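Residue numbers 213 to 435, in this note's numbering, belong to the letters of the sequence shown in order.
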Amino acid sequence: AGYDLVVAHLSSVGPAIEVQKVVSKLGRRCELVQADLREPTAADTVVESVRQMFGRLDLLVNSAASFESSSLLELGADEWDSVMALNCRAPHLLVRAAADLLRESHGSVVNIVDLSAFQPWTEFPAHAVSKAGLAHLTRIQARVLAPEVRVNAIAPGALLRPDEWSDQRWAAIAEATPLQRSGTPDDVSRAVLFFANAEFVTGEILTVDGGRHLGPGGPPTSE
213 AGYDLVVAHL SSVGPAIEVQ KVVSKLGRRC ELVQADLREP TAADTVVESV
263 RQMFGRLDLL VNSAASFESS SLLELGADEW DSVMALNCRA PHLLVRAAAD
313 LLRESHGSVV NIVDLSAFQP WTEFPAHAVS KAGLAHLTRI QARVLAPEVR
363 VNAIAPGALL RPDEWSDQRW AAIAEATPLQ RSGTPDDVSR AVLFFANAEF
413 VTGEILTVDG GRHLGPGGPP TSE
């Protein structure tokens with residue numbers, strides 16, 4: 213797509229370096245910034261790094277998130293606040309910090325939500341609530357930043373298997389999906405590029421889940 217990148221990461225130094233190598237081989241520039249986006253000041257630090265490195269920002273992708281299971285009735289304040297800070301507050305603070313740069317370039321924002329924004333995932337209550345908040349924040353940001361900046365979101369389906377899930381459980385997710393497979397990062401990146409180039413689209417949430425959001429087909433059955 214012809215983008216130079218700034219990749220913000222926390223502890224995933226190795227994967228970030230691998231991304232940098234791949235991008236460099238493609239002839240583009242990729243800079244790494246280490247930041248804990250749960251900290252309120254981190255967004256300003258990341259955006260200032262972008263300003264100093266490139267002097268412009270055309271596309272902001274808010275994809276950092278935590279995804280840990282928990283029981284709603286055992287979920288404490290610290291864990292709740294940590295999830296909300298990363299999954300919902302950080303995208304707000306990053307957009308706020310980057311607003312001037314994005315307006316100057318008539319750029320766009322893509323927030324990554326997921327199906328939990330629209331479904332009651334009882335194993336991931338804080339995550340689901342944070343993604344529902346981010347979905348609504350997307351629409352508010354789209355209103356506020358128009359007409360110079362477009363803001364959209366992507367709701368991926370099953371992409372990366374949680375560590376605690378068995379192979380059998382993960383396979384069952386794919387089997388229950390109309391397109392009969394789990395998703396890949398490429399599926400999401402193509403959707404990001406669509407939004408980056410769709411100049412008459414803002415405030416939209418695109419579901420990229422192989423049809424899983426459709427639920428089971430056919431009439432209900434009885435035993």
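Idealized CB from N, CA, C, for every residue including glycine. This one's a predicted model, so the numbers in the text were calculated from it and none came from an experiment.
Rounded to whole angstroms, what's the CA-CA distance from residue i to residue j? Just pull it up for me.
i	j	result
R436	A297	In the structure as shown, the chain begins at 213 and stops at 435. Residue 436 is therefore absent and cannot be evaluated.
A311	P359	12 Å
N323	V356	15 Å
T433	L426	Because the pLDDT at T433 is just 47, under 50, the model does not fix this residue reliably, and the point stays unresolved.
G395	V234	21 Å
L313	V218	14 Å
V225	V258	16 Å
V363	R268	17 Å
A302	H348	14 Å
S282	W333	10 Å
A289	L305	21 Å
A247	A254	6 Å
P227	G345	28 Å
E260	P428	47 Å
E411	T350	16 Å
R308	L238	31 Å
Flag this pair as yes or no: are the beta carbons of residue i and residue j separated by less than 8 Å?
i	j	result
L271	A408	yes
V325	A365	yes
D216	R240	yes
V413	V361	no
W382	R373	yes
L391	G422	yes
Out of the options, which one is the CA nearest neighbour of residue i?
i	options	result
S370	G226, E291, V234 and S328	For the record, residue 370 in the displayed sequence is Ala; it is not Ser. Looking at the Cα atoms, S328 is the closest of the given residues.
I417	Q353, R301 and F279	Q353
S294	E316, R308 and F279	F279
A340	H318, Q380 and N299	N299
L285	R393, E335 and Q246	E335
D398	A254, W377 and V420	V420
L249	S261, G415 and H221	H221
L287	A309, F330 and P337	P337
C242	S223, F266, F406 and E260	F266
V245	P252, S223, L238 and K237	S223
K343	N274, W377 and E260	N274
G214	P227, I229, E230 and S236	S236
At which residues does the alpha helix (DSSP H) containing residue i begin and terminate?
i	result
T350	P337 to L357
Q392	Careful: Q392 lies outside any alpha helix (DSSP H) and carries neither H nor E.
V234	V225 to K237
S294	A289 to M296
V307	A302 to S317
Over the uninterrupted beta strand (DSSP E) stretch that includes residue i, give me the two end residues.
i	result
P368	R362 to P368
H221	L217 to H221
Q246	C242 to Q246
T419	I417 to V420
V321	S320 to I324
Should residue i be counted as a contact of the ligand SAM given a C-beta to heavy atom distance under 7 Å?
i	result
T414	With respect to the ligand SAM, the structure offers nothing, as it holds no ligand at all.
Can you check whether the C-beta of residue i is within less than 8 Å of a C-beta belonging to chain B?
i	result
L314	Any reference to chain B falls outside this structure, which holds one protein chain only.
Problem - Cβ contact (3+ pairs, closer than 8 Å) linking the segment 374-387 and the segment 396-408 - result: no
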